[in-house]
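>
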Amino acid sequence: MGVTDYAAFVVTFVVLLMIPGPGNLALVLSTGKGGVRGGLASTLGIMLGDQVLLWLALAGVAALLAAYPAAFSAVQWLGAGYLVWLGVRMLLAKPGAAAVLEIRPRDYFRQTLLISVLNPKAIIFYMAFFPLFIDPQQHQGMLTFGFMAVTVAVLTFLYGLLAVLLTHHLATRLRANRRVSRLLERLAGVCLLGFGVKLALTR
Numbered sequence: 334m335g336v337t338d339y340a341a342f343v344v345t346f347v348v349l350l351m352i353p354g355p356g357n358l359a360l361v362l363s364t365g366k367g368g369v370r371g372g373l374a375s376t377l378g379i380m381l382g383d384q385v386l387l388w389l390a391l392a393g394v395a396a397l398l399a400a401y402p403a404a405f406s407a408v409q410w411l412g413a414g415y416l417v418w419l420g421v422r423m424l425l426a427k428p429g430a431a432a433v434l435e436i437r438p439r440d441y442f443r444q445t446l447l448i449s450v451l452n453p454k455a456i457i458f459y460m461a462f463f464p465l466f467i468d469p470q471q472h473q474g475m476l477t478f479g480f481m482a483v484t485v486a487v488l489t490f491l492y493g494l495l496a497v498l499l500t501h502h503l504a505t506r507l508r509a510n511r512r513v514s515r516l517l518e519r520l521a522g523v524c525l526l527g528f529g530v531k532l533a534l535t536r
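Numbers in the numbering used here are just positions in the sequence shown, counted from 1, shifted up by 333.
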């Protein structure tokens, strides 16, 4: 299919999925609030967001953002603002409230989709990541890109499913202790604020 080292591509992407970030945090929060359904909806949001960024990168949006720094900064600040807004909502939410993530699966889906899409650096990443595993001699154009995109989607779903099941198991136990649950919610809010500030300050 034009991929030089498929095994290395798979392993590398799985490792990247495991790196802590706002997407992983949102996935955990969605599962804690909405159970398995909420977590899976969140996983689908991440999957769709990744696919949007991936194909935008292949379409050359990365080059456009590099050529127009103002556009890149605008998207970056928009994403940072969204993360800060989520973090503040969590910190100000009353104990027992739905906090950031509501009980409807479509809300989980929408929020993780926005978190993924409003990260312009991800477009640059895909633009730099894919060529590392493409064989210029065996490259088959859109077929190769499509094969890699499907692989990314499948790996993201499997990782999300495992994370959701593990989080759901732990969340069931933690709900019995309201103080610990509230402390974790506040910690999550601080982390979201931190991710937003980091995104805003990163160049």
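Here a beta-carbon is modelled for each residue, glycine too, at the ideal position from N, C-alpha and C.
Treat the numbers as computed from the prediction; the structure is a model and nothing was measured.
Going by C-alpha distance, which of Trp-410, Val-417 and Ala-390 is nearest Pro-355?
Nearest of Trp-410, Val-417 and Ala-390 to Pro-355, Cα basis: Val-417.
> Enumerate in chain order the residues of its own chain whose CB-to-CB distance from Val-361 is below 6 angstroms, with the five nearest sequence positions on each side excluded.
Excluding residues within five positions, the ones whose Cβ falls inside 6 angstroms are Thr-500.
> Name the DSSP bridge partner or partners of Ile-467?
According to DSSP, Ile-467 bridges with Val-336.
> If we ignore side chains and look at the alpha-carbon of each, how far apart do Val-433 and Asp-468 end up?
Bear in mind that a pLDDT of 45 at Val-433, under 50, signals an unreliable position, so the number given afterwards is only what the model happens to contain. About 44 angstroms.
> Starting from Tyr-459, follow the alpha helix (DSSP H) in both directions and report where the run begins and ends.
453-462 is the extent of the alpha helix (DSSP H) around Tyr-459.
> Our contact map puts Leu-488 next to Val-347 with C-beta atoms below 8 angstroms; I'd like the distance itself, whole angstroms only.
Rounded, the Cβ-Cβ distance is 6 angstroms, consistent with contact.
> For the alpha helix (DSSP H) containing Gln-384, list its first residue and its last residue.
Its alpha helix (DSSP H) spans residues 355-391.
> Going by beta carbon distance, what residues of the same chain come within less than 6 angstroms of Leu-446, once the five residues before and after it are set aside?
Once the five neighbours on either side are set aside, the close Cβ partners of Leu-446 are Gly-378, Leu-381 and Gly-382.
> Go ahead and pull the three-state DSSP assignment for Tyr-441.
Looking at Tyr-441 - three-state DSSP - the assignment turns out to be helix.
> Would you mind working out which of Gly-420, Ser-363, Ala-486 and Ala-400 sits nearest Ala-504, comparing C-alpha positions?
Checked all of Gly-420, Ser-363, Ala-486 and Ala-400; the closest Cα to Ala-504 is Ser-363.
> Please classify Gly-420 as buried or exposed, where buried requires at least 16 neighbouring CB atoms within 10 angstroms.
Classification of Gly-420: buried, given that the 10 Å Cβ count is 16 or more.
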